[in-house]
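What follows is a short report on a single structure.
Residue numbers (this note's numbering): -15 to 214.
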């Protein structure tokens, strides 16, 4: 067990980097409180990770759903020591002018509004206690742009600015950081890179480096744009 177990709230916990982080945090002795939109995925998480870990079906684009999730979690215990906004989507590769209004709204709702919904419902309790680290997942495409992924770039550039502004609103004992996980062979990357995604690390190997790094973040990191160690 870890010397000081942390209470970790993690969105998008059921697959890709989220699933790998869930396993990594749990193996290190920390409590994971995670969510996914998929009932089947949540059932799988519950089967794999027994209490005190806790997983719920939550659509982060619904402020009411996030509010209920946060109220239930905070009723049962302390605010999170680490809040990880990982849930995100990507849409099909296309020139920006070919992206439909519905597609653009969908990615903004998940990647930006979903993050803000989670912050709105969890951060006040963290601020009241005066302790905690907030990690909002950015991307390499949140710092440099590429063609045919403009909507995703827009959302991740937004996460960088949103998080840096949030950092200035927190007490000095807390931290908020935009976190670039790097290029990892996930379903999301495969949708963009195709077979070339296999040239990059898998989520499990990535988590061996990323989980300890995330656990080590603290107030001195507040407002910094950080990246997973290679």
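Don't be surprised by glycine CBs; every beta carbon is placed ideally from N, CA and C.
What's the call for residue i, buried or exposed, on a 16-neighbour Cβ count within 10 Å?
| i | result |
| --- | --- |
| residue 70 | buried |
| residue 79 | exposed |
| residue 152 | exposed |
| residue 196 | exposed |
| residue -5 | buried |
| residue 104 | exposed |
| residue 128 | exposed |
| residue 130 | exposed |
| residue -3 | buried |
| residue 122 | buried |
| residue 296 | Because residue 296 is not part of the residues shown, which for the chain are -15 to 214, the question remains open. |
| residue 84 | exposed |
Which residues mark the beginning and the end of the beta strand (DSSP E) in which residue i is found?
| i | result |
| --- | --- |
| residue 15 | 15 to 20 |
| residue 167 | Per DSSP, residue 167 belongs to no beta strand (DSSP E) and is neither H nor E. |
| residue -9 | -9 to -6 |
For residue i, does the three-state DSSP call read helix, strand or coil?
| i | result |
| --- | --- |
| residue 185 | coil |
| residue 33 | coil |
| residue 105 | helix |
| residue 204 | helix |
| residue 77 | coil |
| residue 211 | strand |
| residue 41 | strand |
| residue 46 | coil |
| residue 26 | helix |
| residue 128 | coil |
| residue -14 | Reliability of the predicted coordinates at residue -14 is poor, the pLDDT of 43 falling under 50, and the value obtained from them is presented with this limitation in mind. In this structure, residue -14 counts as coil in the three-state DSSP scheme. |
| residue 98 | helix |
| residue 63 | coil |
| residue 175 | helix |
| residue -3 | coil |
| residue 258 | The chain is shown from -15 up to 214; residue 258 falls before or after that span and cannot be answered. |
| residue 180 | helix |
In this structure, what does DSSP give as the bridge partners for residue i?
| i | result |
| --- | --- |
| residue 159 | 117 |
Which residue marks the beginning of the alpha helix (DSSP H) containing residue i, and which one marks its end?
| i | result |
| --- | --- |
| residue 3 | 0 to 11 |
| residue 68 | Here residue 68 belongs to no alpha helix (DSSP H); instead the beta strand (DSSP E) covers 66 to 69. |
| residue 145 | 134 to 151 |
| residue 92 | 85 to 92 |
Using C-beta distances below 7 Å, list every residue in its chain close to residue i, excluding the 5 sequence neighbours before and after it, in chain order.
| i | result |
| --- | --- |
| residue 125 | 133, 136, 137, 140 |
| residue 9 | -8, 16, 195 |
| residue 176 | 74, 77, 133 |
Keeping to the same chain, check which residues put their C-beta closer than 6 Å to that of residue i; ignore five residues upstream and five downstream.
| i | result |
| --- | --- |
| residue 26 | 20, 39, 41 |
| residue 188 | 4 |
| residue 210 | 161, 163 |
| residue 118 | 67, 160 |
| residue 213 | 193, 197 |
Could you tell me whether the Cβ of residue i comes closer than 8 Å to any Cβ of chain C?
| i | result |
| --- | --- |
| residue 158 | In the displayed structure, chain C is absent; only one protein chain is listed. |
So, for residue i: in the same chain, excluding its five sequence neighbours on each side, which residues have a beta-carbon less than 8 Å away from its beta-carbon?
| i | result |
| --- | --- |
| residue 73 | 90, 91, 94, 95, 172 |
| residue -15 | Below a pLDDT of 50, predicted positions are generally treated as unreliable, and residue -15, at 41, falls in that range; no measurement from the model is reported. |
| residue 157 | 114, 115, 203 |
| residue -11 | 13, 14, 15 |
Mind checking whether the beta-carbon of residue i lies closer than 7 Å to any heavy atom of the ligand ATP?
| i | result |
| --- | --- |
| residue 87 | With respect to the ligand ATP, the structure shown offers nothing to examine, as it has no ligands at all. |
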